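Asks: Have a look at this one.
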Amino acid sequence: MNTASISGVVFNHRFAAISTYFIQILLKNPLAVTKLPQNPVMKPEINAETTALLPKSHPPEKAVSRVSSISGAVFNVSTSMVGAGIMSIPATLKVLGIIPGFVVILIMAFLVEVTVEFLLRYTNYSGEANTYGGVMAESFGKLGSIALQICVMVSNLGALIIYLIIIGDVLSGDQSDGVLHSGILQECFGFHWWNSRAYSVLFIVVFVMLPLLLLPRVESLGHASAISILLAVVFVVIISGMAIYAMVEGVTQELKLVPNFSDGFSFFSLFTTIPVMATALSCHVTIHPVRAELQNQSDMRSAVRISLVLSAAIYVAVGFVGYLLFGDSIMADMLVNFDQTSNSPGGLLVNAVVRLSYALHLMLVFPVIFYSLRANMDEMIFARKSVLANDTTRFVSITCVLLAFIYFVAIAIPNIWYFFQFMGSTTVACIAFVFPGAIVLRDVHGISTRTDRTMAIIVVMLAVVTSIIAISTNLYSTFGNTS
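Just so we're aligned: 345 in the UniProt record's numbering is position 345 of the sequence shown, and the numbers increase by one with no gaps anywhere.
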């Protein structure tokens, strides 16, 4: 989720609709494009009907307009996968080695494809359950849909904390194993109290995030989201160019093809990388909204497979490039390492552009995820209240409380590796593997085969066992070494 996985849902639907609108107009009259529709797919307000995950007892008054093609679906699902998780993929290769790392990425992509297939098979089978929450409610009742909603909210919360940590890394740097990595502010102005992590992130939260989060409608962020996608593309292009230049100059790092156990490295530490990759490739929450807008909903399976191939290829490429540039000195957040790749003015400028482009990308994506988190939090706590956007006091209060909590956690635990592992071992493991497998084993429609049930058992057991090992290893390394 990837993290982030959830961040692109609202914008992706808007982007696909706008793109389709342009194409249709151009085909009819190339000179006729003068004005966009004010809002092709979004509702005027964020409310429980448009953003909540729990199934509703009454169907919507109007059917969803199906205007998306398979290419639009591929774009939507791919951008939901490729999020902040891309920063930690090189660090997983540092632990696993190149060959096992690539193998694990492919295995995770295969398991994600299997569990998405499970969800799609049970979606709308009875003509009623056409959302993930609806499928869970059909199989396990209201408690099932509530469990899903809680997992999604926790995943959203973790993603937002990760975003703030990365932004803090870019602005104020980080320190690990006695090595200090300076941020852009320190490189420009030196080390001062006002450009420390706590104050720099606080400035971004108050003067950048809060004004965006107080906008009553998510469609107001459409242009910001478009810019964020462009910035992510700029990041990938630049680091690829840096890797090619390093290879030409012969200054790349030595690659570790397999894990090295000679320095006391624990075998169980290998399992700590699996939750990170699971979080990076998870896309299950976005599947149903994207499917609902497909002209031919049977194309969703193909769209997911293509998206998984593209996303896995991106992760393999970025992981290889990051490890090639920094070797075993790679940090959990790869952006931190970009303070030491060059001493020339041109090199320093490129490093700054790389870090700032992705930090700005996260700043602009942050509000989109926050809107979903806030709406679902409000529905769970204030289910009988009026629409959130119409209650200014409640709207501002929930916004400020959530934002303050995210800020304090990001400052207290400034390491994205822990959050990726926590999410991947708990909420993401449930959303991506445990819940889909449980739906097949429950089999309320009697449509699962013996192969399906066997695969579901394998998926659930792998998720549970690897999560337990990863959590236990992290707890031991944190508290056991200290004692």
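All C-beta atoms, glycine included, are put in the ideal place defined by N, C-alpha and C. Computed from a predicted model, the values in this text were never measured in an experiment.
Looking at the unbroken alpha helix (DSSP H) that takes in H288, where does it start and where does it end?
Replies: For this step, residue 288 is matched to residue 288 along the sequence shown. Element bounds for H288: H284 to A292.
Asks: Give the single residue among M423, V318 and V74 whose Cα lies nearest to the Cα of S467.
Replies: The residue given as residue 467 occupies position 467 in the sequence shown. It is M423.
Asks: Could you give the distance in angstroms between the alpha-carbon of I105 and the alpha-carbon of I184?
Replies: Position 105 of the sequence shown, counting from 1, holds the residue named residue 105. Position 184 of the sequence shown, counting from 1, holds the residue named residue 184. Using only the alpha carbons, I get a separation of about 32 Å.
Asks: According to the Cβ coordinates, are E117 and R355 closer than 8 Å?
Replies: Indexing the sequence shown from 1 puts residue 117 at position 117. Indexing the sequence shown from 1 puts residue 355 at position 355. Result no, Cβ atoms of E117 and R355 do not sit closer than 8 Å.
Asks: Can you give the Cα-Cα distance for S386 and S145, rounded to whole angstroms?
Replies: Translated into the one-based positions of the sequence shown, residue 386 becomes position 386. Translated into the one-based positions of the sequence shown, residue 145 becomes position 145. Going from the Cα of S386 to the Cα of S145 covers about 22 Å.
Asks: Helix, strand or coil for H181? Go by DSSP, reduced to three states.
Replies: On the sequence shown, position 181 is the one that residue 181 refers to. H181 falls in the strand class under three-state DSSP.
Asks: Closest to Q186 by CA distance: which of R197, Y371 and S172 is it?
Replies: Counted from its first residue, the sequence shown places residue 186 at position 186. For Q186, the nearest C-alpha among the options comes from S172.
Asks: In the DSSP output, what is V174 paired with across the bridge?
Replies: Mapped onto the sequence shown, residue 174 falls at position 174. According to the sequence provided, residue 174 is Asp. The question's Val does not apply to it. Answer by DSSP bridge pairing, in chain order: H181.
Asks: Just list the alpha helix (DSSP H) runs in the stretch 97-166, keeping only unbroken ones of 4 residues or longer that don't cross its boundaries, in chain order.
Replies: Here the runs fully enclosed are 98-122 and 132-140.
Asks: Please identify the residue among F320, F405, V465 and T115 whose C-alpha is closest to the C-alpha of E254.
Replies: Position 254 of the sequence shown, counted from the start, is the residue given in the question as residue 254. For the residues F320, F405, V465 and T115, the minimum Cα distance to E254 belongs to F320.
Asks: Hey, out of Y407, V290, H288 and L270, whose CA is closest to F370's CA?
Replies: Here residue 370 is taken as the residue at index 370 of the sequence shown, counted from 1. Of the listed residues, the one whose Cα sits closest to F370 is Y407.
Asks: For V234, which of I287, Y358, V95 and L96 has the nearest alpha-carbon?
Replies: The residue labelled residue 234 in the question sits at position 234 within the sequence shown. Measuring from the Cα of V234, the nearest candidate turns out to be Y358.
Asks: When burial is assigned at 16 or more other CB atoms within 10 Å of the CB, is R384 buried or exposed?
Replies: Residue mapping note: residue 384 aligns to position 384 of the sequence shown, counting from 1. By the neighbour-count rule (16 or more Cβ atoms within 10 Å), R384 is not buried but exposed.
Asks: Look at the Cβ atom of F366, then the Cβ atom of L160, and state whether they are nearer than 8 Å.
Replies: Numbered from 1 along the sequence shown, position 366 holds the residue referred to as residue 366. Numbered from 1 along the sequence shown, position 160 holds the residue referred to as residue 160. It is a contact, given that the beta carbons lie within the stated cut-off.
Asks: Between D174, L230, E293 and I238, which lies nearest to L349 when the distance is taken from Cα to Cα?
Replies: By 1-based counting over the sequence shown, the position of residue 349 is 349. Looking at the Cα atoms, I238 is the closest of the given residues.
Asks: Count the other C-beta atoms from every protein chain shown that fall within 10 angstroms of the C-beta of H445, then say buried if there are 16 or more, exposed otherwise.
Replies: In the sequence shown, counting from the first residue as 1, residue 445 sits at position 445. It is exposed - the Cβ of H445 has fewer than 16 other Cβ atoms within 10 Å.
Asks: Between V401 and E379, what straight-line distance do the alpha-carbon atoms span, to the nearest angstrom?
Replies: For the purposes of this step, residue 401 is taken as residue 401 along the sequence shown, with counting starting at 1. For the purposes of this step, residue 379 is taken as residue 379 along the sequence shown, with counting starting at 1. Distance between the alpha carbons of V401 and E379: 16 Å.
Asks: Can you list, in chain order, the residues of its chain whose CB lies under 7 Å from that of N124, leaving out five sequence neighbours each side?
Replies: Here residue 124 refers to the residue found at position 124 of the sequence shown. Contacts found: N130.
Asks: With DSSP run on the structure shown, which of helix, strand or coil describes G83?
Replies: Start at 1 with the first residue of the sequence shown, and residue 83 comes out as number 83. G83: coil per DSSP, three-state reduction.
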